[in-house]
Ligand SMILES: [Zn+2]
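Residue numbers (this note's numbering): 34 to 188.
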């Protein structure tokens, strides 16, 4: 059941890079971490272990596909995967490209900044490139890695 007070239960179609009935990948649009994406479960579920094992695996499959696409198109020094949900207890994963000269490196992006904002040359069409890469990658039912997801019946 969607929670009317939960921001992640509200879908903003404009920010979606890839989606299916199970989850969506959104473009965060953070200039300090270009390519920063979130993988958001469509259902309002609090913890990964509230999901049946096959769904946990499926979600992580999408997280890893985003990581792989991001490494390919943005070539960051490191990828950070984070799932906190303390403010918004709805399962979501942050997939964050990191660079050794980004404002917080090597700390988390939520830590105090160590340096001024840096600029790096990344393709201006990074968002479209990433969306195309995700569309072509093995996370869709077309590629056969994941069967089509049927949402559980809700009365
Ligand atoms: Zn929610």
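Quick reminder that beta carbons are idealized off the backbone N, C-alpha and C, glycines included.
Nearest neighbour of residue i, chosen from the options [CA to CA]
i: residue 144; options: 150, 136, 151; result: 136
i: residue 168; options: 34, 35, 45, 49; result: 49
i: residue 128; options: 119, 134, 114, 154; result: 114
i: residue 63; options: 142, 43, 51; result: 142
i: residue 59; options: 146, 130, 44; result: 44
i: residue 87; options: 61, 148, 55; result: 55
i: residue 119; options: 79, 138, 140, 110; result: 79
i: residue 35; options: 92, 61, 53, 74; result: 74
i: residue 109; options: 92, 72, 84, 138; result: 138
i: residue 96; options: 84, 116, 77; result: 116
Residues near residue i by beta carbon distance below 8 angstroms, same chain, minus five either side
i: residue 106; result: 68, 156, 159, 162, 163, 166
i: residue 47; result: none
i: residue 89; result: 81, 82
i: residue 112; result: 100, 103, 104, 128, 129, 130, 131
i: residue 189; result: With the chain covering only 34 through 188, there is no way to say anything about residue 189.
i: residue 147; result: 136, 137, 138, 140
Spatial neighbours of residue i in its chain, beta-carbon cut-off 6 angstroms, leaving aside the 5 residues before and after
i: residue 51; result: 58, 167
i: residue 151; result: 134
i: residue 176; result: Bear in mind that the predicted position of residue 176 carries a pLDDT of just 45, short of 50, making it unreliable; the figure below should be weighed with that in mind. Taken in chain order, the list of residues that qualify is empty.
Same chain, Cβ closer than 7 angstroms to residue i, five either side skipped, listed in chain order
i: residue 153; result: 132
i: residue 61; result: 69, 70, 71
#### Entry: Every unbroken beta strand (DSSP E) within the region 34 to 99, with a cutoff of 3 residues, ordered by chain
49 to 52, 56 to 60, 70 to 74, all fully within the region 34 to 99.
### Query
Contact between the region 114 to 132 and the region 39 to 50: three or more CB pairs below 8 angstroms?
Taking 8 angstroms as the limit for Cβ pairs, the verdict is that the region 39 to 50 does touch the region 114 to 132.
### Task
Mind listing, in chain order, the continuous alpha helix (DSSP H) runs of no fewer than 4 residues lying wholly within the region 100 to 182?
Fully enclosed alpha helix (DSSP H) runs of 4 or longer: 159 to 169.
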